[in-house]
Amino acid sequence: MRLENYQFIQEGELVHDGVRYEDLAQEFGTPLYIFDEDSFRQRLRAYKEALRSDYFDTELLYASKALLTLAVARIVAQEGVGQDIVSGGELYTSRAGGVDPGKVYFHGNNKLDQELVFALEEGVGTFVVDNRQEVQRLNRLAQEQGVVARVLLRLNPGIEASTHEFIQTAHVDSKFGENIHDPEIYAVIQNMEEASHLHFAGLHSHIGSQIFEETSFFQAATEMMEFATKVQERLSLTIEEINFGGGFGVYYTEGDTPFDVVEFIPRFLEHIHQEAERLGVPLQKVTLEPGRSLVNASGSTLYRVGDIKTTLTDKHYLFIDGGMSDNIRPALYEAKYEALLANKADQASVKNYTVAGKLCESGDIIIEDLPLPEAATGDLLVVNGTGAYNYSMASNYNRLPRPAMIHIMEGKPRLTVKRETYEDLLHLEL
Ligand SMILES: Cc1ncc(COP(=O)(O)O)c(C=O)c1O
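Put into C-alpha cells, the structure is as follows:
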C-alpha cells in the first residue's frame, strides 16, 4: 500500500501521525473511519491559493457530497471556502457548521420545492439549475418569497471523459443538465434571463469524476467558452460566471495516475483567460468545485480481521468487521483499494487475500487479491483512500450500525461522529 505523508512504520507497526492504529481500535472500536484533518486543511488552502487570478474573481467550492459531517462543515467554514450542496440535508449540515450561505451553490436534479424554499430562506448564494422545468419552479418560489435567486444553468457539454460510466456525467444521455446541442437551449437561457425573480449569472458544467486527463478539462472549458460566446451573440447578454465543476482524479491503486491539481489550476485559469480573450467573453468569475481530490487521501478505514477461510480452489478470504455498508464503491463502481495489516506493516507479503465484508451479498468484496503477510484473526487492516464517497454513501444494510469517525490533527485523535448503536437503528421506528 502506498503510504500517505501522515503514515509511518514504527517498530514494525503502521502509525498515523504517531498514533498507533491498535490504540485507535481500542479507544474508538472498529470499523473506524479515520480522517486526517491537517492534510485536508492543507489541501483546501493550497487549492484556494492556486485559484487566484488577476483577470477574474474566483471561488473554491468544496463538493460536499464526497464527505459531509458537522465537523467537516466547520472546517469548510473556518477555511473560508464555499460549498457545493445537493440536498436540503447537506444545506442543513452546512448551516449548522457555520458555512456562509452566500458561498453555497445548490446543485442537483429534481431539487424538491421544500428544499428550494429552505435554500431561499437561508440565503443560498447561487442555484445551479438543472433543467427548464426547474427554471419555472424556482422563479415561482423565489417570487413567493419576494427574493431574486442568482442562477447558473448546468450544461452538458457532451465530453466523454474516460472514467466509470456511473461517474460520467456529461455524455449525451446523462440525467444531469441541459445539453449544449439541444436546439431549444437558447430559449431555455432566454427564459432564465427574463424570469422576474431570477438573476441569470452564467453556466456550469461537471464532466465526471475520477478523471486523469487534463485535456478533458481544457477541452470542456473551451466548449463552454465557445458556447458562452454563442449565447452572448444570440441573446445579447453577458456570461458573468462559469463554474467548471470538479472531477479531478485521485490515487487508489497502482495504475491511477492523477495530475497535481495545485499545479494544474493556474494553467487552467490561464487557458480560461486566453479563451475569454479570444472569444470575447467578459468573464467576471470562475468557480471550481472538487470533492474527491480534496478529501480522499485524508481518509482511511480501520477494520479488525475476523475469520479467515480458504476455499477448495485455494482462494483465501479475509473477513472484516465492516464491508459494503461502510464502503459501497467496490460493489457500485468496481472501485479498487490498497490496504495493509497495521500490526504487520514491516512483514513481507506471502499470499493474496480477498478482503470480504460481513454483509449478505456475494459482491461484498472490498479488495480482490491483496498481497499480505500471513494474516490472523485479530489483525488490523487499514484501507487507504476512503475519505470520499465512503461515509457519505454508508448504509445500515443488514442493520449494521454505521462506524464512528475520528479526526486526527497534530497527532491527536478526536471523535467527530459517534458509532451508531442498536438503539439508533430503532430511533425513528414506531
Ligand atoms: C456537479 C458536481 N460538482 C462536483 C462534483 C465533485 O466531483 P469530484 O468529487 O469527483 O471532484 C460532482 C460529483 O459528482 C458533481 O456532480
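Quick note on this note's numbering: the sequence shown kicks off at 762 and runs consecutively.
From the three backbone atoms N, C-alpha and C, an ideal C-beta is built for every residue, glycine too.
- With a 10 Å radius around the Cβ and a threshold of 16 neighbouring Cβ atoms, Glu-820 comes out buried.
- By the C-beta criterion, the stretch 835 to 843 is judged not to be in contact with the stretch 902 to 909, since fewer than 3 inter-stretch pairs fall below 8 Å.
- A buried status is given to Pro-1174, since no fewer than 16 other beta-carbon atoms sit within 10 Å of its beta-carbon.
- Within the model, the alpha-carbon separation for Arg-1163 versus Ala-1149 is close to 16 Å.
- The beta carbon of Phe-937 sits closer than 7 Å to those of Asn-870, Asp-891, Arg-915, Asn-917, Thr-930, all from its chain and outside the five residues before and after it, given in chain order.
- DSSP places Ser-1061 outside any alpha helix (DSSP H); the residue lies instead in the beta strand (DSSP E), whose first and last residues are 1060 to 1071.
- Residue nearest to Arg-1180 within the set Ala-1109, Asp-1087, Tyr-1114, Asp-1021 is Asp-1087 (criterion: CA-CA distance).
- Spanning the alpha carbons of Thr-1138 and Asn-1157 requires a straight line of approximately 25 Å.
- For the stretch 777 to 839, the continuous alpha helix (DSSP H) assignments of 4+ residues that do not extend past its boundaries occur at 782 to 789, 798 to 811, 831 to 839, in sequence order.
- Distance from the CA atom of Leu-959 to the CA atom of Ala-910, rounded to whole angstroms, is 5 Å.
- Within the stretch 944 to 976, the complete beta strand (DSSP E) segments at least 3 residues long are 959 to 965, listed from N- to C-terminus.
- In terms of CA proximity to Arg-1053, Ala-827 leads the group Ala-827, Asp-799, Arg-1090, Ser-1059.
- By the Cβ criterion, the stretch 1080 to 1095 is not in contact with the stretch 851 to 871, since fewer than three pairs of Cβ atoms, one from each stretch, lie closer than 8 Å.
- Across the structure, Gln-951 and Gln-971 are spaced so that their CA atoms are roughly 34 Å apart.
- In the three-state reduction of the DSSP assignment, Val-1022 falls in the helix class.
- The Cβ atoms of Ala-962 and Ile-1033 lie no closer than 9 Å to each other.
- In the pairwise beta carbon analysis, the stretch 983 to 990 is classified as not touching the stretch 1112 to 1128: fewer than three pairs are separated by under 8 Å.
- Two segments are said to touch when three or more pairs of C-beta atoms, one from each, lie closer than 8 Å; by this definition the stretch 939 to 955 does not touch the stretch 871 to 884.
- Excluding residues up to 5 positions away in sequence, Val-1066, Leu-1102, Asn-1104, Lys-1105 lie with their Cβ nearer than 7 Å to the Cβ of Asp-1140 in the same chain.
- For Arg-1090, the enclosing alpha helix (DSSP H) begins and ends at 1090 to 1094.
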